[in-house]
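Participant:
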Amino acid sequence: MLTKNGGNAMAISAKVSTRITTQLKKYQSVLSNLQKRDVSEADTVTVINDMLSDICGYDKYLHVTSQYAIRGTYVDLAVKVDEEIRFLIEVKAIGIELKDAHVKQAIDYAANEGIEWVVLTNGANWRIYKVHFGQPIEKILVCELDAIGTSARSPEALECFGNLSREAFSKGTMAEFLLHKQVTNKFTVAAVLQTDFILEVLRREIRRMSSGVKVEVDYLRSLLRDEVLKRDLVEGDEAKAASQNIRRLQRAATRKKSPSKATNESPILAPVEDASSSLPRAVVSP
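Residue 467 in the numbering used here sits at position 60 of the sequence shown, with consecutive numbering throughout.
1) Report buried or exposed for residue 513, applying the criterion of at least 16 other Cβ atoms within 10 angstroms of its Cβ.
2) What's the call for residue 614, buried or exposed, on a 16-neighbour Cβ count within 10 Å?
3) Are residue 568 and residue 526 close, meaning C-beta to C-beta below 7 Å?
4) Where in the segment 526-582 do unbroken runs of the alpha helix (DSSP H), each at least 4 residues long, occur, reported from the N-terminal end onward?
5) Any chance the segment 577-591 sits against the segment 466-473, with 3 or more Cβ pairs inside 8 Å?
6) Taking the straight line between their C-alpha atoms, what separation do you get for residue 584 and residue 472?
7) Taking the straight line between their C-alpha atoms, what separation do you get for residue 575 and residue 600?
8) Given this structure, state the Cα-to-Cα distance separating residue 564 from residue 622, to the nearest angstrom.
9) Looking at the C-beta of residue 463, does it have a partner C-beta in chain D at a distance below 7 Å?
10) In whole angstroms, give me the CA-to-CA distance for residue 518 and residue 627.
11) In the DSSP assignment, find the beta strand (DSSP E) that holds residue 491 and state where it starts and stops.
12) Using a Cβ-Cβ cutoff of less than 6 Å, which residues in the same chain neighbour residue 650 once the five nearest sequence positions on both sides are dropped?
13) Using the rule of at least 16 other Cβ atoms within 10 Å of the residue's Cβ for burial, across every protein chain shown, is residue 475 buried or exposed?
14) Helix or strand or just coil, what does DSSP make of residue 486?
15) Just to confirm before moving on: does the CB-CB distance between residue 451 and residue 501 stay below 7 Å?
16) With a threshold of 16 other CB atoms inside 10 Å of the CB of residue 440, please say whether the residue is buried or exposed.
17) My understanding is that residue 510 touches residue 523, with C-beta atoms under 8 Å, so please give their C-beta distance in whole angstroms.
18) On a CA-only basis, which of 507, 430, 515 and 429 is nearest residue 481? Give me that one, please.
19) Would you check if the distance between the CB atom of residue 624 and the CB atom of residue 632 is smaller than 7 Å?
20) For the beta strand (DSSP E) containing residue 473, name the first residue and the last one.
21) From which residue to which residue does the alpha helix (DSSP H) around residue 456 run?
22) Could you tell me the distance, in whole angstroms, from the CA atom of residue 431 to the CA atom of residue 589?
23) Could you please give me the residues that DSSP links to residue 481 through a beta bridge?
24) Among 437, 454 and 520, which residue has its Cα nearest to the Cα of residue 477?
25) Note down the Cα distance separating residue 672 from residue 657, rounded to an integer number of angstroms.
26) I'd like the list of long-range same chain contacts for residue 610, defined as Cβ closer than 7 Å, with 5 residues on each side in sequence excluded.
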């Protein structure tokens, strides 16, 4: 079975899809009750452990380690299969709003252990981060899910828990997940609209429709930036990162046609659209 979200296809079986939908619906009631009771972090960790088992298909006694030691500190949960840690999970009490300091704490754990993937959650809200081991350490918010408010059948729920699941998780599938999010977020789409190729197509179409009216590419670029696109899509760190990412992808596409011209490129690290404006943004290496 293929589940799709925004054109992205992730292969998970009907069995896994049904398990995610059925179990998440059950846990939405559990999480809602925990929220009302404002339970402790320890109780939240217990429920997250159960969710990993019932929703994601892990054996909580075999695959999940509580209080995993990392250089004198402890991360709440580590998911390990075949002697390899897949991802770390930092858990906060369900009544606590996830903040910048929690993000840093989770990323620091992953960086110190050399783990590429980390989950930050309070049970109600789930965030998946990719860690890049450069100088400085960089992180990208790849996925964010409201586990209580989102429909258990939604593509977003299947995408989040499906990618984390025992059956579907792999370095390859997570890399595809990241790339899809990078190239389909609103900043990247805005950057694509401002590329010379798209502007030239727009110029020619305007000329064709108007029987010869000439419009300069520079005018169209200014029109898009100043009048058509929202200001946050063309200014700021996210917009700059998306523009750099588009240029890298264009060069990569060109190299595929001319493999003899391959050169070393910096990792593609454009930010993923984030519903929470308080989150730190990914930094793109120059």
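Quick reminder that beta carbons are idealized off the backbone N, C-alpha and C, glycines included.
Facilitator: Considering the structure as presented:
1) If you number the sequence shown from 1, residue 513 lands on position 106. Answer is buried; the Cβ neighbour count reaches 16.
2) Counted from its first residue, the sequence shown places residue 614 at position 207. Exposed is the call here.
3) Walking along the sequence shown from the start, residue 568 turns up at place 161. Walking along the sequence shown from the start, residue 526 turns up at place 119. The Cβ atoms of residue 568 and residue 526 lie no closer than 7 Å to each other.
4) DSSP assignment within the segment 526-582 yields the following whole alpha helix (DSSP H) runs of 4 residues or more, N-terminal first: 562-571.
5) Segments in contact, no.
6) Taking the sequence shown and counting its residues from 1, the one referred to as residue 584 is at position 177. Taking the sequence shown and counting its residues from 1, the one referred to as residue 472 is at position 65. Taking C-alpha positions only, residue 584 is separated from residue 472 by approximately 25 Å.
7) Here residue 575 is taken as the residue at index 168 of the sequence shown, counted from 1. Here residue 600 is taken as the residue at index 193 of the sequence shown, counted from 1. Those two C-alpha atoms are separated by around 34 Å.
8) If you number the sequence shown from 1, residue 564 lands on position 157. If you number the sequence shown from 1, residue 622 lands on position 215. Rounded to the nearest whole angstrom, the CA to CA distance from residue 564 to residue 622 is 45 Å.
9) You won't find chain D in this structure, because it holds only one protein chain.
10) Against the sequence shown, residue 518 aligns to sequence position 111. Against the sequence shown, residue 627 aligns to sequence position 220. Answer to the nearest angstrom: the Cα atoms are 44 Å apart.
11) Walking along the sequence shown from the start, residue 491 turns up at place 84. Note, residue 491: beta strand (DSSP E), 491-498.
12) Numbered from 1 along the sequence shown, position 243 holds the residue referred to as residue 650. Taken in chain order, the residues that qualify are 598.
13) On the sequence shown, position 68 is the one that residue 475 refers to. By the neighbour-count rule (16 or more Cβ atoms within 10 Å), residue 475 is buried.
14) On the sequence shown, residue 486 is found 79 positions in, with the first residue counted as 1. Residue 486 falls in the strand class under three-state DSSP.
15) The sequence position of residue 451 within the sequence shown is 44, counting from 1. The sequence position of residue 501 within the sequence shown is 94, counting from 1. Cβ distance < 7 Å, so residue 451 and residue 501 count as in contact.
16) Your numbering for residue 440 matches position 33 in the sequence shown. Within a 10 Å sphere around the beta-carbon of residue 440 sit fewer than 16 other beta-carbons, which makes this residue exposed.
17) Reading the sequence shown from its first residue, position 103 is the one you call residue 510. Reading the sequence shown from its first residue, position 116 is the one you call residue 523. Contact between residue 510 and residue 523 does not hold, since their C-beta atoms are separated by about 16 Å, which reaches or exceeds 8 Å.
18) Start at 1 with the first residue of the sequence shown, and residue 481 comes out as number 74. The residue from 507, 430, 515 and 429 with its alpha-carbon nearest to that of residue 481 is 515.
19) Taking the first residue of the sequence shown as 1, we reach residue 624 at position 217. Taking the first residue of the sequence shown as 1, we reach residue 632 at position 225. For the 7 Å CB-CB criterion, residue 624 and residue 632 do not form a contact.
20) Indexing the sequence shown from 1 puts residue 473 at position 66. Residue 473 -> beta strand (DSSP E) spans 471-477.
21) Translated into the one-based positions of the sequence shown, residue 456 becomes position 49. Unbroken alpha helix (DSSP H) run through residue 456: 448-461.
22) As a position in the sequence shown, residue 431 is number 24, starting the count at 1. As a position in the sequence shown, residue 589 is number 182, starting the count at 1. Distance between the alpha carbons of residue 431 and residue 589: 27 Å.
23) Here residue 481 refers to the residue found at position 74 of the sequence shown. Per DSSP, 476.
24) Looking up residue 477 in the sequence shown gives position 70. Residue nearest to residue 477 within the set 437, 454 and 520 is 520 (criterion: CA-CA distance).
25) In the sequence shown, residue 672 corresponds to position 265, counting from 1. In the sequence shown, residue 657 corresponds to position 250, counting from 1. Note on residue 672: pLDDT 48, under 50, position unreliable in the model; the coordinate value appears next. Roughly 12 Å separates the two Cα atoms.
26) Reading the sequence shown from its first residue, position 203 is the one you call residue 610. Once the five neighbours on either side are set aside, the close Cβ partners of residue 610 are 622, 624 and 627.
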